[in-house]
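So the structure is just underneath, and the comments pick up after that.
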Amino acid sequence: MKSTFSALTLGAFLLTEPTLAFQLTDPPSHVVIVGIDGLSISALHSAMQDGLAPNMQRLRREGSWSDRARAVLPTVSGPNWYSILAGTGVEMHGVDSNNWVRERPRLLGTDGPCVPQPTLFTLLRVAHPSTTLGAFFEWPMIRTLLEPTSALNTTLLAPDHESIPAAAAFLRTARPELTFVYIGEVDEEGHRSGGGTRQQRAVAVADEQLGVVMAAVETLEKPMLLVVSDHGRDVLGWDHGHVTEGEVNTQFIAWGHNIRANHRIISPLRNMDAAAIALTSLGVHPPLQWTARPVPEIFLSTPLPLALSAPPSTASPHPWIYHPGVPTAQESCVSTFRLDVPVGFLGEARVSWTVTFDRGSFVCGIVAGGLAVPILAMLVVAARKVFGKRVGRWVETMRRRVDGPEYEPLSSPLSGLELGE
Ligand SMILES: [Zn+2]
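If you count by mature numbering (1 follows the signal peptide of the UniProt record, and there is no 0), then the sequence shown holds residues -21 to -1, 1 to 400, one letter each, in order.
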């Protein structure tokens, strides 16, 4: 089936930029990407606090991690999984929603209507024809995104509880170079029940399933395990698709051979960077149209950038340019305090009201609040002047309609006379 790739398509795949490519010494030999759909940072941390995610805790302790890996916009699954598999944003691959159909795309990929972008698997197949590749997933759209699946040796569309053991068996027996394992239940449960205890249980189950994959990964020589999510969730844990901190930020873990341990990644990061890390580790340069980058900081054989190895003593002289580890103008106006007020429970979901003040809005709020009082008072006085008489007449008319006319008491014929006792 490898011959189905046309020479034209192949040419597009091989558009690489060697001068920008990151050279990795002592690379991993096997890469496994575990994707947990819709795992929010808040659900993850409350699960870890309750001891429900020991495997993710271990991977973070022994690997490089971040809770600020940015999702692609919109924060829905189809666009993001395709970015994670194909290393580009929606603007390049055109998968703009979960309703995307290959035959009727709204936005053509840069390579034509039927090949929006080459996936990791296709690129690896072209570069190393004898490589072993597999994907295991319960969401049918992953199959659509992986088309043509002929680049893969094995694909399995089955519920998590079937696909995870099958993936583990595949890792142990086929010793594949690259495997993608998708876990869908956390997102499903979030949509069903919000951010309550049921979603916590789904996170715990996903962590157990991750443990099954980890045990198989540890039987491989020089393995690397990447854990990513397509998006987070809104503040109530039900939904996603918008641009909020909770939906846009995701967990990212790299663990394994030649990976820095107990290291919080400081470089700006996107969930799709997993694609470039995997591809580079397996000896293939990301093609020119990719925006995903390999994040050298996670590899032990790469020295840490200077800004990361020593704490910065002064702020960046160019605050509009991002230097890793150096506070920028943008960072200096990040929230100074945050109020998370629990309001109650909606079913099993905790309803909370989060108010975030940053310095700018706080100062603006005080100024606006201070100005609002006299402006409001002036408006009330003006309104009374303009409408006061009119309103008074209307009230009087209405009162007369209800009570009838008010008669003046007749004056007494005796009034004005002084009456003697
Ligand atoms: Zn979802």
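Just so it is clear, CB atoms sit at the ideal spot from N, CA and C, and this is done for glycine as well.
Values in this document were obtained by computation on a predicted structure and should not be read as measured data.
Asked, Found
"Coil, strand or helix - ARG380 by DSSP", "helix"
"VAL55, DSSP secondary structure in three states", "coil"
"Beta-ladder partner(s) of SER45, from DSSP", "PHE231"
"Local Cβ density within 10 Å of ARG249, reported as buried at 16 or more and exposed below that", "buried"
"Any non-hydrogen atom of ligand 1 within 7 angstroms of SER21 CB", "no"
"Through-space distance from SER62 to ILE121, alpha-carbon basis", "12 angstroms"
"Contact check, ILE256 vs VAL165, beta carbons under 8 angstroms", "no"
"Minimum length 4: unbroken alpha helix (DSSP H) runs contained in the segment 131 to 180", "139 to 153 and 164 to 172"
"Buried or exposed by the 16-neighbour rule on C-beta atoms within 10 Å, applied to SER43", "buried"
"Below 5 angstroms from a heavy atom of ligand 1 - residues by beta-carbon", "GLY17 and ASP166"
"Three-state secondary structure (DSSP) of ARG83", "coil"
"N-terminal and C-terminal residue of the alpha helix (DSSP H) that PRO108 is part of", "No alpha helix (DSSP H) holds PRO108; DSSP gives it neither H nor E."
"ILE15 - partner residues in DSSP beta bridges", "ILE162"
"The beta strand (DSSP E) enclosing LEU204, as first and last residue numbers", "202 to 207"
"8 angstroms CB neighbourhood of ALA183 in its chain, flanking five on each side removed", "ALA26, LEU31 and ALA32"
"Simplified DSSP state of ILE256, which is helix, strand or coil", "helix"
"Own chain, CB closer than 6 angstroms to LEU279, minus 5 neighbours either side, in chain order", "ASN237 and ARG239"
"Residue range of the alpha helix (DSSP H) that includes ALA32", "First-last for ALA32: undefined, no H or E at that position."
"Classification of LEU349 by the beta-carbon crowding that lies within 10 angstroms, buried from 16 upward", "It is worth fixing the name first, because residue 349 is Gly in this sequence and not Leu. Exposed."
"Integer Cβ distance of ALA271 from ILE12, believed to fall under 8 angstroms", "Wrong, their Cβ atoms sit about 12 angstroms apart, outside the cutoff."
"Counted within 10 angstroms of its Cβ, other Cβ atoms place GLY371 as buried (16 or more) or exposed", "exposed"
"Opposing strand residues paired with LEU112 [DSSP bridges]", "LEU157"
"Cβ-based neighbour list, ARG37, same chain, cut-off 6 angstroms, excluding 5 preceding and 5 following", "none"
"The segment 51 to 65 touching the segment 200 to 215, judged by at least three CB pairs closer than 8 angstroms", "yes"
"Member of LEU86, THR4 and TRP118 whose CA lies at the smallest distance from the CA of SER56", "TRP118"
"MET357 classed as buried or exposed, judged by whether at least 16 other C-beta atoms fall within 10 angstroms", "exposed"
"Check whether LEU103 and LEU261 have beta carbons under 8 angstroms apart", "yes"
"Separation of GLN179 from LEU23, as counted between CA atoms", "8 angstroms"
"Segment limits, alpha helix (DSSP H) that includes PRO119", "119 to 125"
"Minimum C-alpha distance to MET71 - residue among THR259, MET251, PHE159 and PRO275", "MET251"
"Inter-residue CB distance, PHE159 and LEU135 (contact presumed, cutoff 8 angstroms)", "Wrong, their Cβ atoms sit about 11 angstroms apart, outside the cutoff."
"Exposure of ARG380, with buried meaning 16 or more beta-carbon neighbours within 10 Å", "exposed"
"Cβ-Cβ distance between GLU276 and LEU267 below 8 angstroms", "no"
"Reduced DSSP secondary structure (H/G/I, E/B, other) of VAL214", "coil"
"Beta-carbon spacing of LEU112, LEU64 below 8 angstroms", "no"
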